[in-house]
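Inspection log for the structure reproduced underneath, given as structure tokens.
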Amino acid sequence: MNWLGDHDHGWSPGINEGLIHKVVVTTSDRTVAVCDDGTPLFLSVDDPLISSQELHLAGTLNGVTYYGVRCPEIRDLNYEALRPVLVQLDSQGFIPVSAAMQVLDFMEEHRFCGRCGAETTASVSDRGRHCAPCGLTQYPRISPCVIVLITRGDEILLARAPRFVEGMYSTLAGFVEAGESAEHACHREIQEEVGVRIKTPVYQGSQSWPFKHSLMLGYWAEWESGEIEIDCEEIVDAQWFHIEKLPKLPPHASISRGMIDAYISQRLS
Ligand SMILES: [Zn+2]
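Take any residue in the sequence shown, note its place counting from 1, add 7, and you have its number in my numbering.
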């Protein structure tokens, strides 16, 4: 299995232990400051361009500690949307930028307490935001989402959502509801979106995916019964594709593509 950020044990989230310190610069629109070649621009912590900005710690990867700042666009810098910046990177770049963006989203969206409305402050001991008047501490939001590769011998069931780029099909995905197990979510989502039944889903691995704060839980499941019947809202088309005649697929960076590629190599070996 191979996808961005899948197993980099060198990553220490929320830990400042690097000898080198770098800053990712972002805006509230979730754009990222980039170099001329489109890769993320990392500033030093004492760069005058960000001297008035608050740094938020993302974590340390292989001796480099990463921070994020969020502020209106700085003149002289170029910006790019998060998705195209991320999907071209390797895990060494993907992990800190993805983490910084999610930490900054959280800090920006939890400036006030959801329970009493008072202003919150960053906790000194962890990554939470604390409300002194009522005592509530909130932590960065993570939304578990199942993503399921459904197979039937040499065929894969892939679907198109309305937001997908032209011609692209992907594995089916959906958020885990409160009170539901991930496996239950697999059965429910598949039934709702394409009307087929699957055998027991087998866990393949996970991927942190910052659109917006998803934790993708990858499963593989064999088709059990039923014909494709789409709901036409979340899904505009779904088909069985032979592994030798596949449509345009999601980028290699994604867990969806990682699971598809792994299944194909397994069938062809
Ligand atoms: Zn409060």
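All C-beta atoms, glycine included, are put in the ideal place defined by N, C-alpha and C.
Could you have a look at residue i and say whether DSSP puts it in helix, strand or coil?
{"i": "Ser263", "result": "helix"}
{"i": "Arg90", "result": "helix"}
{"i": "Asp133", "result": "coil"}
{"i": "Ile197", "result": "helix"}
{"i": "Asp53", "result": "coil"}
{"i": "Val153", "result": "strand"}
{"i": "Glu229", "result": "strand"}
{"i": "Val203", "result": "coil"}
{"i": "Gly21", "result": "coil"}
{"i": "Ser105", "result": "helix"}
{"i": "Asp244", "result": "strand"}
{"i": "His191", "result": "helix"}
{"i": "Phe171", "result": "coil"}
{"i": "Ile163", "result": "strand"}
{"i": "Phe113", "result": "helix"}
{"i": "Ile81", "result": "coil"}
{"i": "Ile27", "result": "strand"}
{"i": "Gln273", "result": "helix"}
{"i": "Ser58", "result": "coil"}
{"i": "Gln214", "result": "strand"}
Less than 7 Å between the CB of residue i and some heavy atom of ligand 1, yes or no?
{"i": "Arg122", "result": "yes"}
{"i": "Ala129", "result": "no"}
{"i": "Pro147", "result": "no"}
{"i": "Pro151", "result": "no"}
{"i": "Cys141", "result": "yes"}
{"i": "Cys138", "result": "yes"}
From residue i to residue j, what does the alpha carbon distance come to, in whole angstroms?
{"i": "Cys42", "j": "Asn85", "result": "7 Å"}
{"i": "Arg90", "j": "Pro254", "result": "21 Å"}
{"i": "Glu24", "j": "Ala65", "result": "11 Å"}
{"i": "Ile271", "j": "Lys29", "result": "39 Å"}
{"i": "Trp227", "j": "Pro258", "result": "19 Å"}
{"i": "Glu200", "j": "Pro151", "result": "18 Å"}
{"i": "Ala40", "j": "Glu234", "result": "47 Å"}
{"i": "Leu93", "j": "Val104", "result": "8 Å"}
{"i": "Glu80", "j": "His117", "result": "22 Å"}
{"i": "Ile154", "j": "Gln95", "result": "21 Å"}
{"i": "Asp268", "j": "Val52", "result": "40 Å"}
{"i": "Leu143", "j": "Cys120", "result": "7 Å"}
{"i": "Cys78", "j": "Pro47", "result": "16 Å"}
{"i": "Pro147", "j": "His16", "result": "21 Å"}
{"i": "Thr128", "j": "Gly135", "result": "9 Å"}
{"i": "Asp54", "j": "Thr33", "result": "15 Å"}
{"i": "Asp161", "j": "Ser276", "result": "12 Å"}
{"i": "Glu240", "j": "His191", "result": "21 Å"}
{"i": "Ala260", "j": "Leu11", "result": "5 Å"}
{"i": "Leu222", "j": "Gly212", "result": "10 Å"}
{"i": "Ser58", "j": "Asp133", "result": "24 Å"}
Distance cutoff 8 Å, beta carbons only. Does residue i sit that close to anything in chain C?
{"i": "Glu240", "result": "Of the protein chains in the structure, only one exists, and it is not chain C."}
What distance in whole Å lies between the Cβ atoms of residue j and residue i, which are believed to be in contact at a cut-off of 8 Å?
{"i": "Ile205", "j": "Ile157", "result": "6 Å"}
{"i": "Glu61", "j": "Val71", "result": "Incorrect: roughly 20 Å between the Cβ atoms, too far for contact."}
{"i": "Leu224", "j": "Ala189", "result": "5 Å"}
On the criterion of 16 or more Cβ atoms from any shown chain inside 10 Å, does residue i qualify as buried, or is it exposed?
{"i": "Phe49", "result": "buried"}
{"i": "Cys193", "result": "buried"}
{"i": "Cys138", "result": "buried"}
{"i": "Asp112", "result": "buried"}
{"i": "His63", "result": "buried"}
{"i": "Gly265", "result": "buried"}
{"i": "Leu26", "result": "exposed"}
{"i": "Glu126", "result": "exposed"}
{"i": "Arg82", "result": "exposed"}
Please tell me whether, using a cut-off of 7 Å, the distance from the CB of residue i to the nearest non-hydrogen atom of ligand 2 is below it.
{"i": "Ala125", "result": "Ligands present in the displayed structure are limited to ligand 1, and ligand 2 is not among them."}
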